[in-house]
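Colleague: What follows is a single structure, and I will ask about it in a moment.
Protein chains in written order, with the numbering used here: chain A, 14 to 491; chain B, 14 to 491.
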């Protein structure tokens, strides 16, 4: 126990310093390492295996909804980036510029893609001629670069991995349907696969994507009461189509502009997994995306028959779960802490007495519950318990989030709550940018979203007292 | 028939202009498109689906052999690239340089990775301390950039997709074993999955990778008699370890340098698939990686029951193969040509008379053989025939390759063969760079490899007549 305790103490408790807790967890759970390139992270095997599981499950959902994967160039010529006015204003200040190829100075600078709307538009302009060519439902998995000043692994890095969907449709209605469809795919994915409850809504004009007509978002709540924008889905209307000249001939032989969308989720979501489910012992991973769902720890493994039995169990369970075994010569206490820190959802202990009783002990990472299971029922019970952990994590995260949602009717109330107990503030808003700016200035909170599920808290804007137009979720954010 | 013929004629015959044939095929089979970025291609859904199948099967092989995926930064600081002398000499002339971030000039230039040895070394230096940390068996899937002057889709592009494995080992023997193990993985993958026969061997010093002690290669033969280096596996010895200071403490508490390898395969291999299996009707895809393995073409589909039956067959077959159906209102002849051009391995025709006889007709893409199959045996026969196509493609490719392998005992013979019938020339070599250079100068051929399977053709070097050291495969190459 002494050893176990000492080990756990290497992680700074959340309450003492949440930022340090986060840094400790990602380093000690072996998710990332820092690199010699400022602001770029190295994603280590354990971190990358989480991303691979996310990719697999998200990609399957994209394909089920009719999308196809493609690959666009890494570079965007400066003139192409500049075609859509709002878009270039939003992104030009934060791109990396390639100016030389080999020893030669380039005639035109190339930026490393911060996002690929312009490249997809340039391609769509060439391949879309008739209504028969629509819709185009493309997605790509790649890395993008944004020249950030301050960076933190997963949450904000100069380079990050993501997917970006880019679609073109015949009508405004279809584009809007697609935008909401993909927001719903993300929301379902977050809740079912990552066990992260989300609030769905629309961004204010101030917060929307550079060049978008509307941006929709799913917002999740971290342990420290801050929000994390977990995915976004944008409806561009025909803005990009007009800037790039993407037109098709409709059934009546009329030239029309296409209507477009884009939507993305990135490695940032791994930061959310850490900050929603983690605790003072380290990482807690939802079984659906855990690289290892169950780790077998043999107890008194030098005793006859223990290791053989442990390996036999691994063999059996590897057909129903992602299983590993630690039969190294380290103490069981050390191993318990190690795999708790790495967030493995289930631990299976098996020792001489268990073998005698034809049983094993399962220990849940999420609530530390110990469950005795007969050897004869392993293949049925382990998947069940994994499902219980998955469901338990969602419930726990939802309870945590709901405990951090508050209502404010005045700006004073708003400020008071945010200082005392950071979280989401539900408050009415008139819809004016001036009030949004003032709220930010006075409280540090931004409009996270205008939720689809509106509530009528009062008739008045929390800031100016005039007629309210919407209820908004406000909060500080990553 | 007239329509079918006209359609096929859009592809330039191989014999008329092989380069144009290649360009026609990749465009008409919808694999890639050109982009506004010089030398960068857009990989379209059909081309990318082939790459996804390659990735899936190759990645499974890497994991079976104990490798883990990671992600390293896209950028390499100039000082890091320069650490290994031979390596920087080889790559510095062909990298893209980032000089500005946003509006700011960078203190140090960053190159966009042309390959990531330096980044892996920099990381290994930090994470390897003891023999317990070895081996490190890492791989990454990413894109790399090389500033090429002339480019062709898949074969040579400024940006391409690949995987790069990077491993570190305690001993020289282990590194050598790994180098050969991965060469064998590539060879088995090419032959079994891509149906491309390969010659395994070692590169001459002139042709090896910048910074490698030894480079091993698998070489395949294209339809025009040119070679394509299909994958390489490098043994670095401790050269990079010394340059980067990657040391570990061995069991005797002595400091030792690690021994390293790297190995890679890229989207270039799609060029090989096209040029090994393709014909004058277009693409021919091995079933193992074909996005669509069987396409159903209803014949007389306006007749009662035909479309229903076709969809029923699709339903049944989708459990055993990747199946699609074309029930558009185009003529069957058009459809036959279209899916031949796209290289779909099997076509299934079903019309009223077939339905009456409780049968369908399968048509193999590789040899156009027609096979009548009872409706009752679909689920067993289709996978069998797909296997026969896969095996048939390999045999056909092997026969084609073997017909283009020649032996030369003198330089005159060598030149004569290469001018008349391009292919691989087997010839003895003394081992001197001067002879290798002269052969290149006189014939345009390079040493493709010193094959593992040596033959004794004569005692004398084909160039200088002195004592021969090796038999070498020579050839012109992509």
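Even glycine gets a Cβ: it sits at the ideal position worked out from N, Cα and C. A quick note: this is a predicted structure, and the numbers were derived from the prediction, not measured.
#1: Measuring only the C-alpha atoms, how far is residue 41 of chain A from residue 119 of chain B?
#2: Using beta-carbon positions only, say whether residue 91 of chain B and residue 121 of chain B come within less than 7 angstroms of one another.
#3: Along the chain, where does the beta strand (DSSP E) that runs through residue 66 of chain A open and close?
#4: Against chain B, which members of the stretch 128-160 of chain A pass a CB distance test of less than 8 angstroms?
#5: Counting along the chain, where does the alpha helix (DSSP H) carrying residue 118 of chain B start and finish?
#6: Give the residues from the stretch 89-113 of chain A that approach chain B closer than 9 angstroms (Cβ to any Cβ), ordered along the chain.
#7: At 3 residues or longer, and completely inside the stretch 168-194 of chain A: list those beta strand (DSSP E) runs for me, N to C.
#8: How long is the line joining the alpha carbons of residue 479 of chain A and residue 473 of chain A, rounded to whole angstroms?
#9: Quick one: give me the first and last residue of the beta strand (DSSP E) that residue 418 of chain A is part of.
#10: Cβ of residue 291 of chain A within 7 angstroms of Cβ of residue 436 of chain A?
#11: Compare the C-beta of residue 67 of chain B against all C-beta atoms of chain A and say whether one is closer than 7 angstroms.
#12: Specify the secondary structure class of residue 249 of chain B as computed by DSSP and reduced to three states.
#13: By Cβ distance, which residues of its chain are closer than 6 angstroms to residue 376 of chain A, with the 5 residues on each side in sequence left out?
#14: When the Cα of residue 36 of chain A is compared with those of A:379, A:246, A:168, which residue comes out closest?
#15: What three-state label does DSSP hand residue 160 of chain B in the structure shown?
#16: I'd like to know if residue 86 of chain B contacts chain A, where contact means its C-beta is closer than 7 angstroms to some C-beta of that chain.
#17: Going by beta-carbon coordinates alone, are residue 339 of chain A and residue 310 of chain A separated by less than 7 angstroms?
#18: Grab me the residues of residue 334 of chain B's own chain with a C-beta within less than 6 angstroms of its C-beta, minus the 5 sequence neighbours each way, in chain order.
#19: Quick check: residue 256 of chain B and residue 270 of chain B, are their CB atoms within less than 7 angstroms of each other?
#20: Which residue comes first and which comes last in the alpha helix (DSSP H) that contains residue 228 of chain B?
#21: Name the chain B residues that come within less than 9 angstroms of residue 174 of chain A, Cβ to Cβ?
#22: Tell me, please, whether the CB atom of residue 39 of chain A is closer than 7 angstroms to any CB atom in chain B?
#23: Checking 7 angstroms against the spacing of the C-beta atoms, do residue 62 of chain A and residue 304 of chain A come in under that value?
#24: Just to confirm my understanding: we take residue 532 of chain B, look at its own chain, exclude 5 residues before and 5 after, and list those with CB closer than 6 angstroms. What are they?
#25: Taking CB distances under 7 angstroms as the criterion, tell me whether residue 178 of chain A reaches chain B.
#26: Do we get a CB-CB distance below 7 angstroms when we pair residue 55 of chain A with the residues of chain B?
#27: Bridge partners of residue 41 of chain B, per DSSP?
#28: Does any C-beta atom of chain B lie closer than 7 angstroms to the C-beta of residue 50 of chain A?
#29: Assign residue 449 of chain B to buried or exposed, taking buried as 16 or more other Cβ atoms, counted over all protein chains shown, within 10 Å of its Cβ.
#30: Counting contacts by CB-CB distance shorter than 7 angstroms, is residue 365 of chain A in contact with chain B?
#31: How about residue 412 of chain B and residue 206 of chain B: do their beta carbons lie closer than 7 angstroms?
#32: For a contact meaning CB atoms closer than 7 angstroms, what does residue 252 of chain B contact in chain A?
#33: Going along the chain, which unbroken runs of the alpha helix (DSSP H) with 4 or more residues stay wholly within the stretch 425-462 of chain A?
#34: Taking its Cβ as the centre, do 16 or more other Cβ atoms sit within 10 Å of residue 145 of chain B, making it buried, or is it exposed?
#35: Compute the Euclidean distance between the alpha carbons of residue 114 of chain B and residue 181 of chain A, then round it to the nearest angstrom.
#36: Do you know how far the Cα of residue 197 of chain A is from the Cα of residue 372 of chain B?
Modeller: Answer, in terms of the structure:
#1: Taking the straight line joining both Cα atoms gives about 32 angstroms.
#2: Contact check for residue 91 of chain B against residue 121 of chain B passes: the beta carbons are separated by less than 7 angstroms.
#3: Counting along the chain, no beta strand (DSSP E) covers residue 66 of chain A; the unbroken alpha helix (DSSP H) around it starts and ends at 58-77.
#4: The residues in question are 132, 135, 136, 139, 140, 151, 155, 156, 158, 160.
#5: No alpha helix (DSSP H) contains residue 118 of chain B, which is instead part of the beta strand (DSSP E) from 117-125.
#6: Residues of the stretch 89-113 of chain A whose Cβ lies closer than 9 angstroms to any Cβ of chain B, in chain order: 89, 90, 92, 93, 105, 106, 107, 108, 109, 110, 111, 112, 113.
#7: As far as the stretch 168-194 of chain A is concerned, its whole beta strand (DSSP E) runs of at least 3 residues are 172-182.
#8: Approximately 5 angstroms between the Cα atoms of the pair.
#9: Segment 418-420, the beta strand (DSSP E) holding residue 418 of chain A.
#10: In this structure, the beta-carbon distance from residue 291 of chain A to residue 436 of chain A does not fall below 7 angstroms.
#11: It does not; no Cβ of chain A falls within 7 angstroms.
#12: Looking at residue 249 of chain B - three-state DSSP - the assignment turns out to be strand.
#13: The answer, listed in chain order, is 360, 383.
#14: Scanning A:379, A:246, A:168 for the CA closest to the CA of residue 36 of chain A turns up A:168.
#15: In the three-state reduction of the DSSP assignment, residue 160 of chain B falls in the coil class.
#16: Closer than 7 angstroms to some Cβ of chain A, the Cβ of residue 86 of chain B qualifies, so yes.
#17: Contact flag set, yes.
#18: Answer for residue 334 of chain B: 306, 307, 395, listed in chain order.
#19: Contact: no.
#20: Boundaries for residue 228 of chain B: no alpha helix (DSSP H) harbours it, while the beta strand (DSSP E) harbouring it runs 227-234, taken from the DSSP string.
#21: Neighbours of residue 174 of chain A in chain B, taken as residues whose beta carbon is under 9 angstroms from its own, are 84 in chain order.
#22: For residue 39 of chain A, the answer is no, since every Cβ of chain B falls outside 7 angstroms of its Cβ.
#23: In this structure, residue 304 of chain A lies closer than 7 angstroms to residue 62 of chain A by Cβ.
#24: With chain B running from 14 to 491 in the structure shown, residue 532 of chain B is simply not present.
#25: So no, residue 178 of chain A is outside the interface.
#26: It does: the Cβ of residue 55 of chain A has a partner Cβ on chain B nearer than 7 angstroms.
#27: Here residue 41 of chain B is not bridged, per DSSP, to any residue.
#28: Answer yes: the Cβ-Cβ gap between residue 50 of chain A and chain B drops below 7 angstroms somewhere.
#29: Under a 10 Å Cβ-count criterion, residue 449 of chain B is classified as buried, with 16 or more other Cβ atoms of the shown protein chains found around its own Cβ.
#30: No - not a single Cβ of chain B is within 7 angstroms of the one on residue 365 of chain A.
#31: The Cβ atoms of residue 412 of chain B and residue 206 of chain B lie no closer than 7 angstroms to each other.
#32: Around residue 252 of chain B, no beta-carbon contact reaches into chain A at under 7 angstroms, the shortest distance being about 20 angstroms.
#33: Taking 4 residues as the shortest admissible run, the stretch 425-462 of chain A contains the following complete alpha helix (DSSP H) segments, listed from N- to C-terminal end: 446-456.
#34: Label assigned to residue 145 of chain B: exposed.
#35: Near 31 angstroms, if we compare the C-alpha coordinates of residue 181 of chain A and residue 114 of chain B.
#36: Going from the Cα of residue 372 of chain B to the Cα of residue 197 of chain A covers about 44 angstroms.
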